[in-house]
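Heads up, the sequence shown is in full-length UniProt numbering, so the first residue is 1 and it goes up one at a time. Where is the CB? At the ideal position from N, CA and C, for every residue including glycine. Remember, it's a predicted structure, so these values are computed and weren't measured experimentally.
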Amino acid sequence: MNVTKIRGDKLQDDVFFVTNAKCLVTKSTFAKECKVPPKTYSYDYFSGSEIPFVMTFLLVGLLPFIAIGILMTLARIRNSKRQKQLSHSRRKSVKKSVERDDESRFTAIEWENNSTSRVVSVRLGPGTYVRVFTSRNQILRIINLKHMSWVTVVRQNDREQNVLSLRVQREYDLVLTFNDVGERENFVRCLKSFITQESLHLDVQEHFLKSRELFATAVTREARQQQLEKFFRAAFARVSNDDDDGDDDGDDGDDGGDGDDGGDGGDGDDGNDGGDGGDDGGDGGDDGGDGGDGGGGGGGGGGGGDDGDGDDDD
Numbered sequence: 001m002n003v004t005k006i007r008g009d010k011l012q013d014d015v016f017f018v019t020n021a022k023c024l025v026t027k028s029t030f031a032k033e034c035k036v037p038p039k040t041y042s043y044d045y046f047s048g049s050e051i052p053f054v055m056t057f058l059l060v061g062l063l064p065f066i067a068i069g070i071l072m073t074l075a076r077i078r079n080s081k082r083q084k085q086l087s088h089s090r091r092k093s094v095k096k097s098v099e100r101d102d103e104s105r106f107t108a109i110e111w112e113n114n115s116t117s118r119v120v121s122v123r124l125g126p127g128t129y130v131r132v133f134t135s136r137n138q139i140l141r142i143i144n145l146k147h148m149s150w151v152t153v154v155r156q157n158d159r160e161q162n163v164l165s166l167r168v169q170r171e172y173d174l175v176l177t178f179n180d181v182g183e184r185e186n187f188v189r190c191l192k193s194f195i196t197q198e199s200l201h202l203d204v205q206e207h208f209l210k211s212r213e214l215f216a217t218a219v220t221r222e223a224r225q226q227q228l229e230k231f232f233r234a235a236f237a238r239v240s241n242d243d244d245d246g247d248d249d250g251d252d253g254d255d256g257g258d259g260d261d262g263g264d265g266g267d268g269d270d271g272n273d274g275g276d277g278g279d280d281g282g283d284g285g286d287d288g289g290d291g292g293d294g295g296g297g298g299g300g301g302g303g304g305g306d307d308g309d310g311d312d313d314d
């Protein structure tokens, strides 16, 4: 009260409730001056963007398929260019073979695996050999049909029908793609005629397969190499096991030999004893000879020995 300078009669008894008091503050006009606030509303970020939103997620979902489609298109373009190059090289090879007038020589595309192929020329003969050359007339492969018992000719029976697979013993397959069916059939006829002319007693088997099955069952050079490695690995493992078993048997034989030697040693002792007895008999024989009653031979020696003893006793 001293600080505020309020008089005592100005304070009411109940400080929490004011009754019959006159407010000294003038009535505020703030409420009248305030404007009515606008209505609140929410903002939808996707409103009006439904189509772009759906297209974005659809594009993200289709992106892998789009990438695969692009890769397949590029692969087809690459294969098309390769086929054109191979066809161009094949035409050149055909022209060269025609100029050489070699009826036993055929130009084709050799399929090596799913990603590799090359233009080659196949020549039947001379002799019992089937030779494969490059477009530059370099020898790639020589197949000797002399020591073989069968040859299998597998032909494609769908699409262009111009693929042929020559399967022989102990060799990987020779898969050839010709210009057309006629050229392929001409090669088969010449192959049969070549086998007959060379007096090769071969069983020529013919089969027809679809292209996918033909390429899937063809034995490539890499597959043949893996088969040989597997075979040699198994053979070496078997030889190694046999050597180990032989070493074990040799060790057992050495132990048995020691026992036999011991037995032989025992027989040697008996022989020595017999020798000693013979010596004694010989000595007795000599004594018997001295006594005058001794005879010849081993038995006589023994008897002489007895007589000698008798003489000594006498």
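Closest Cα partner of Thr-107 within the set Ala-218, Phe-16, Val-132: Taking the first residue of the sequence shown as 1, we reach residue 107 at position 107. Selected option, being the one with the closest Cα: Val-132.
Beta-carbon proximity of Tyr-172 to Arg-238, cut-off 7 Å: As a working note, residue 172 is residue 172 in the sequence shown. As a working note, residue 238 is residue 238 in the sequence shown. No; because the gap between Cβ atoms is not below 7 Å, this pair is not in contact.
The stretch 69-76 / the stretch 36-48 touching (three or more Cβ pairs under 8 Å): no
Cβ-based burial, Asn-113 [other Cβ within 10 Å; buried from 16]: Sequence index remark: in the sequence shown, residue 113 carries index 113 (1-based). When all chains shown are included, Asn-113 counts as exposed.
Stretch pair the stretch 154-162 + the stretch 128-143: three plus CB contacts closer than 8 Å: no
CA nearest to the CA of Phe-215, picked from Leu-11, Gly-48, Leu-166: Translated into the one-based positions of the sequence shown, residue 215 becomes position 215. For the residues Leu-11, Gly-48, Leu-166, the minimum Cα distance to Phe-215 belongs to Leu-166.
Cβ distance (whole Å) where Asn-179 is taken to contact Asn-162 below 8 Å: Stepping through the sequence shown from its first residue, residue 179 is reached at position 179. Stepping through the sequence shown from its first residue, residue 162 is reached at position 162. Indeed, because the Cβ distance is near 7 Å, the residues count as touching under 8 Å.
Counterpart residues of Asn-113 in DSSP-defined beta bridges: By one-based count along the sequence shown, residue 113 stands at place 113. DSSP, once it has assigned bridges, lists Thr-116 as partnering Asn-113.
7 Å Cβ cutoff met for Ser-240 and Arg-159: As a first step, residue 240 is located in the sequence shown; it is residue number 240 there, counting from the start. As a first step, residue 159 is located in the sequence shown; it is residue number 159 there, counting from the start. Contact: no.
Pick from Trp-111, Ser-117, Asn-144, Thr-19 that is closest to Arg-123, judged by C-alpha positions: As a working note, residue 123 is residue 123 in the sequence shown. Ranking the options by Cα distance to Arg-123, first place goes to Asn-144.
Through-space distance from Leu-74 to Pro-52, alpha-carbon basis: Taking the sequence shown and counting its residues from 1, the one referred to as residue 52 is at position 52. Taking the sequence shown and counting its residues from 1, the one referred to as residue 74 is at position 74. Their backbone Cα atoms lie some 30 Å apart in a straight line.
Leu-228 burial status per 10 Å Cβ neighbour count (16 or more: buried): Against the sequence shown, residue 228 aligns to sequence position 228. Answer is exposed; the Cβ neighbour count stays below 16.
The beta strand (DSSP E) enclosing Phe-133, as first and last residue numbers: The residue given as residue 133 occupies position 133 in the sequence shown. 129-134 is the extent of the beta strand (DSSP E) around Phe-133.
Among Thr-177, Val-219, Arg-136, Gly-127, the one whose alpha carbon lies nearest that of Lys-146: Reading the sequence shown from its first residue, position 146 is the one you call residue 146. The option with the nearest alpha carbon to Lys-146 is Gly-127.
Opposing strand residues paired with Gln-227 [DSSP bridges]: On the sequence shown, position 227 is the one that residue 227 refers to. None, per the DSSP bridge assignment.
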